[in-house]
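Q:
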Amino acid sequence: PNPRPREAVFTDEDVAMARVIRRFLDAGLPADGLLEVGRVLSHGMANTAEAVRRLAGDALLHPGDSEFAVGLRYVMALDQVGPLIPELLHHQFRAQLRDGIRGELVTEAEREEGRLAGTREVAVAFADLVDYTRLGERLPAEDLGRIAGRFTRLAMGAARKPVVLVKTIGDAAMFVSTSTPELVDSMVALVEAVDGAGDDFPGVRVGAAYGPATNRAGDWFGATVNLASRVTDSAKPGRVLVTQEIHDTAPGHAWKRWRRRGFKGVDGRVRLFSLEARPDQEIKPADPPAAEA
2 PNPRPREAVF TDEDVAMARV IRRFLDAGLP ADGLLEVGRV LSHGMANTAE AVRRLAGDAL
62 LHPGDSEFAV GLRYVMALDQ VGPLIPELLH HQFRAQLRDG IRGELVTEAE REEGRLAGTR
122 EVAVAFADLV DYTRLGERLP AEDLGRIAGR FTRLAMGAAR KPVVLVKTIG DAAMFVSTST
182 PELVDSMVAL VEAVDGAGDD FPGVRVGAAY GPATNRAGDW FGATVNLASR VTDSAKPGRV
242 LVTQEIHDTA PGHAWKRWRR RGFKGVDGRV RLFSLEARPD QEIKPADPPA AEA
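Residues in the sequence shown are numbered from 2 upward in steps of one, following the numbering used here.
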């Protein structure tokens, strides 16, 4: 509803934040860029707040609690640990920003233009849990959530710098790297981690492509991203399937060459290779090339 005349709509904290934004603008930061950062922060903070809420609820709720007891326990916990959360967020922000700066190579063209390019040559990979949708038809939502949470932890553990875990969406994870060999190694590590997660854990398939992609607010877009997603759909469980460009820049692996195949929304037919072994495993000769389709 619309506020009544002279009704206070914003709090003192809202006004203080408005002054902070004013300082950013006075420092020369563009308004549209600040809006984009605000959207990213809002999305990230919503996830963070929900994770903290779940953590507190699981830790502070006791069977048979009265409403008064729960409220009192929440207030006491907030007084004790509330001041620590901004410190945690500040540390994480600085660490992420530092890692991003370390991995950012500013090109001569970017220096001449005076701004970072949005489009770069990167390796993109997707990892999908196999039959996750079918599992959702027979497992309780809570069990399905536990599987997704464990998969996220495995994906985070497999991403080794400069490989970045861009996002996870339930049964899928997206990775980006400026280094193709490190991306392949991380994807192999993820496949092995999922294989070792137990018989009741679904398998995983991985697809990867290399080429130009555009970074917007931490997410990546473009034909290379679309191709990597299409390749993933064609991968077999427990395998890493890649395009020619990934294959050519990730030596030391045993690859099996696939027939060229077409993908919806992709011009021409694409040569694919399936990863058969790690560099530290015995590498057997790859199968002879299949006949052209």
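The beta-carbon is built from N, C-alpha and C at its ideal position, and this holds for glycine as well.
Remember, it's a predicted structure, so these values are computed and weren't measured experimentally.
With the cut-off set at 8 Å, would you say ASP186 and ASP129 are in Cβ contact?
A: No, the Cβ-Cβ distance between ASP186 and ASP129 is not below 8 Å.
Q: Among residues of its own chain, excluding the 5 on either side of ARG262, which ones have a beta-carbon nearer than 8 Å to its beta-carbon?
A: Result list for ARG262: SER235, ARG270, VAL271, LEU273 and ALA294, in chain order.
Q: Using the Cβ count rule (16 or more neighbours within 10 Å means buried), how would you classify ARG20?
A: Result: exposed.
Q: What is the DSSP secondary structure of GLU122, reduced to helix, strand or coil?
A: Strand at GLU122.
Q: Taking 7 Å as the cut-off, is the CB of THR215 close to at least one heavy atom of the ligand SAM?
A: The ligand SAM is absent from the structure shown, which contains no ligands of any kind.
Q: Rounded to whole angstroms, what's the CA-CA distance from ALA255 to ARG206? Just pull it up for me.
A: Approximately 17 Å, taken between the alpha carbons.
Q: Roughly how many whole angstroms lie between the Cα atoms of ASN3 and LEU155?
A: The straight-line gap from Cα to Cα measures roughly 47 Å.
Q: I need the straight-line Cα distance from SER230 to ALA126, nearest angstrom please.
A: Approximately 8 Å between the Cα atoms of the pair.
Q: Would you identify the three-state DSSP class for ASP249, choosing helix, strand or coil?
A: ASP249: helix per DSSP, three-state reduction.
Q: So which of PRO203, ARG74 and LYS162 has the shortest CA-CA distance to ARG135?
A: The candidate whose alpha carbon is nearest that of ARG135 is PRO203.
Q: Would you mind working out which of VAL243, LEU145 and ALA218 sits nearest ASP33, comparing C-alpha positions?
A: It is ALA218.
Q: Can you give me the C-alpha to C-alpha distance between GLU143 and GLY208, rounded to a whole angstrom?
A: Their Cα atoms are separated by approximately 28 Å.
Q: In chain order, which alpha helix (DSSP H) runs of at least 4 residues are fully inside the stretch 67–91?
A: Runs found: 68–82.
Q: By the three-class DSSP mapping on this structure, what secondary structure does GLY158 have?
A: Three-state result, GLY158: helix.
Q: Which two residues bound the contiguous beta strand (DSSP E) that contains GLY208?
A: First-last of the beta strand (DSSP E) with GLY208: 205–217.
Q: Along the beta strand (DSSP E) that carries SER178, what are the first and last residues, could you check?
A: Note, SER178: beta strand (DSSP E), 173–178.
Q: So which of MET188, GLY150, GLY197 and ASP201 has the shortest CA-CA distance to ALA210?
A: Cα-wise, what sits closest to ALA210 is MET188.
Q: Quick check on this structure: which residue in ARG139, THR215, VAL226 and ALA198 has the alpha carbon closest to the alpha carbon of GLY266?
A: With distances taken between Cα atoms, GLY266 lies closest to VAL226.
Q: If we call anything under 8 Å between Cβ atoms a contact, is LEU184 one with VAL167?
A: Going by C-beta atoms, LEU184 is not nearer than 8 Å to VAL167.
Q: Would you kindly work out how many angstroms separate the C-alpha atoms of GLU37 and ALA174, rounded to a whole number?
A: When rounded, the distance between both Cα atoms is 23 Å.
Q: So, with DSSP's three-state summary, where would you put VAL53?
A: Helix, per DSSP.
Q: Rounded to whole angstroms, what is the Cα-Cα separation between GLU88 and ASP268?
A: Between GLU88 and ASP268, the C-alpha separation is close to 49 Å.
Q: Among the residues of its own chain, which have a CB less than 7 Å from the CB of ALA160, if the five just before and after it don't count?
A: Excluding positions up to five away in sequence, the list reads LEU166, PHE176 and SER187.
Q: Using the rule of at least 16 other Cβ atoms within 10 Å of the residue's Cβ for burial, across every protein chain shown, is VAL16 buried or exposed?
A: With fewer than 16 Cβ atoms within 10 Å of its Cβ, VAL16 is classed as exposed.
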